[in-house]
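Participant:
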Amino acid sequence: MNRFTSRLLALIGLLTAEILLGVVLFVAAFAVFFYLTRVVFVDNSLALDNWASDAMDGLRRDLPGLTGPVRFVTFFAALPFLLPASLIAPWLLRRAGYRREAFELVVAMLGGIVLNQLLKMYFNRPRPSNALLQTLGLSFPSGHAMLGMTFYGCLAWLLARHFGRPGWAIPLLIWTGMIGLTRVYLHAHYATDVLAGFAGGAAWLVACRLGIKLFWKEEKELLNEG
Numbered sequence: 568m569n570r571f572t573s574r575l576l577a578l579i580g581l582l583t584a585e586i587l588l589g590v591v592l593f594v595a596a597f598a599v600f601f602y603l604t605r606v607v608f609v610d611n612s613l614a615l616d617n618w619a620s621d622a623m624d625g626l627r628r629d630l631p632g633l634t635g636p637v638r639f640v641t642f643f644a645a646l647p648f649l650l651p652a653s654l655i656a657p658w659l660l661r662r663a664g665y666r667r668e669a670f671e672l673v674v675a676m677l678g679g680i681v682l683n684q685l686l687k688m689y690f691n692r693p694r695p696s697n698a699l700l701q702t703l704g705l706s707f708p709s710g711h712a713m714l715g716m717t718f719y720g721c722l723a724w725l726l727a728r729h730f731g732r733p734g735w736a737i738p739l740l741i742w743t744g745m746i747g748l749t750r751v752y753l754h755a756h757y758a759t760d761v762l763a764g765f766a767g768g769a770a771w772l773v774a775c776r777l778g779i780k781l782f783w784k785e786e787k788e789l790l791n792e793g
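Residue numbering for the sequence shown follows my numbering, beginning at 568 and increasing consecutively.
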């Protein structure tokens with residue numbers, strides 16, 4: 568058996584049910600992202616964006632005191648919060664003896680930040696002109712939605728998989744969804760920006776997780792062979 572065949576069989580052996588499920592989730596998230604790019608940049612449809620914007624305007628008229636809490640919630644996926652949180656959380660994980668988990672979180676966040684900026688530059692969509700707070704940069708996909716999904720989604724996975732706290736996953740994902748809604752409420756993003764951010768963050772998080780899992784498993788196999 569030549570070296571290529573043996574390596575191929577080793578990689579096939581790494582395909583567990585978890586990895587296959589991850590591939591399915593990645594394809595689904597990527598399909599949603601791709602569909603949204605066609606809606607926005609090929610069909611030039613604003614139907615969903617206008618509907619969501621009008622709904623949030625109506626909510627703001629009915630509940631004028633909601634804007635303050637919304638500004639508070641949206642902060643928890645802003646870079647001034649996520650950057651220090653993405654350093655402190657891995658540091659705490661490392662101190663607790665979870666070096667691999669700390670590494671996963673750092674890679675997920677650094678990669679997510681870079682990927683989000685590359686996607687923004689590629690699609691080059693301006694932000695809404697009627698934002699209720701000062702916003703910089705481009706609009707598609709939403710950084711708050713994408714990085715929020717990456718950070719809180721990664722925490723949800725770590726808590727469920729490594730710390731036996733699966734009950735935390737749903738509240739964290741609901742919190743991420745609320746952050747996305749704040750971006751539409753504040754007119755900092757269109758609804759399609761937010762949905763694309765969620766889809767892109769989910770796809771990146773799954774791809775990152777699968778890549779790290781395959782790397783660690785293959786490294787372990789090589790050490791055992793050695």
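Think of the CB as a built atom: it goes at the ideal place given N, C-alpha and C, for glycine as much as any other residue.
Source: prediction; values computed, not measured.
Could you check the C-alpha separation between Phe648 and Arg694 for me, to the nearest Å?
Facilitator: Going by the C-alpha atoms only, they are around 21 Å apart.
Participant: Just checking, does the region 677-697 make contact with the region 587-594 on the three C-beta pairs under 8 Å criterion?
Facilitator: Result no; under three Cβ-Cβ pairs closer than 8 Å.
Participant: Going along the chain, which residues of its own chain have a beta-carbon closer than 8 Å to the beta-carbon of Pro631, five neighbours each way excluded?
Facilitator: Around Pro631: no qualifying Cβ.
Participant: Start and end of the alpha helix (DSSP H) containing Leu613?
Facilitator: Leu613 -> no alpha helix (DSSP H), and no H or E assigned at all.
Participant: Cβ of Gly764 within 9 Å of Cβ of Gly715?
Facilitator: Yes, they are a contact pair.
Participant: Does DSSP classify Arg732 as helix, strand or coil?
Facilitator: Here Arg732 sits in coil by DSSP.
Participant: Does the distance from the CB of Glu671 to the CB of Ile746 come in under 9 Å?
Facilitator: The answer is no: Cβ separation not under 9 Å.
Participant: Excluding the 5 residues flanking Val607 on each side, which residues of the same chain have their C-beta closer than 6 Å to its C-beta?
Facilitator: For Val607, where only same-chain residues beyond five positions count, the Cβ hits under 6 Å are Thr759.
Participant: My guess is that Ser706 and Arg692 are in contact by the Cβ rule of under 8 Å, so how many angstroms apart are they, rounded?
Facilitator: Yes, Ser706 and Arg692 are in contact; Cβ-Cβ is about 4 Å, under 8 Å.
Participant: Are the CB atoms of Leu748 and Met623 within a distance shorter than 9 Å?
Facilitator: It is a contact, given that the beta carbons lie within the stated cut-off.
Participant: Using the beta-carbon count (16 or more within 10 Å), is Ala656 buried or exposed?
Facilitator: Buried, because 16 or more other Cβ atoms sit within 10 Å of the Cβ of Ala656.
Participant: My output table needs one value for Gly795: the three-state DSSP class, helix, strand or coil.
Facilitator: Limits of the chain in this structure are 568 at one end and 793 at the other, which puts residue 795 out of reach.
Participant: Taking the alpha helix (DSSP H) that Pro636 belongs to, which residues open and close that run?
Facilitator: Where Pro636 is concerned, the enclosing alpha helix (DSSP H) stretches over 634-641.
Participant: Looking only at C-alpha atoms, which of Tyr752, Leu762, Thr641, Ala727 sits nearest to Asp629?
Facilitator: If we check each option's Cα against that of Asp629, Tyr752 comes out closest.
Participant: Using the Cα positions of Gly625 and Phe601, report the straight-line distance between them to the nearest angstrom.
Facilitator: Between Gly625 and Phe601, the C-alpha separation is close to 30 Å.
Participant: Leu739 and Leu762: beta carbons closer than 9 Å?
Facilitator: Contact flag unset, no.
Participant: Closer than 7 Å by C-beta to Ala675: which residues in its own chain qualify, once you throw out the five before and the five after it? Chain order, please.
Facilitator: Cβ within range, chain order: Thr717, Cys721, Leu772, Cys775.
Participant: My parser needs the alpha helix (DSSP H) runs of 4 or more residues fully inside the region 669-695; what are they?
Facilitator: Complete alpha helix (DSSP H) runs here, min 4: none at all.
Participant: By how many angstroms is the C-alpha of Ala614 removed from the C-alpha of His754?
Facilitator: Approximately 15 Å between the Cα atoms of the pair.
Participant: Identify which residue in Leu654, Gly679, Val673, Thr641 has its Cα closest to the Cα of Ala766.
Facilitator: Taking only the C-alpha atoms, the option nearest Ala766 is Gly679.
Participant: By the three-class DSSP mapping on this structure, what secondary structure does Tyr757 have?
Facilitator: Correct three-state label for Tyr757: coil.
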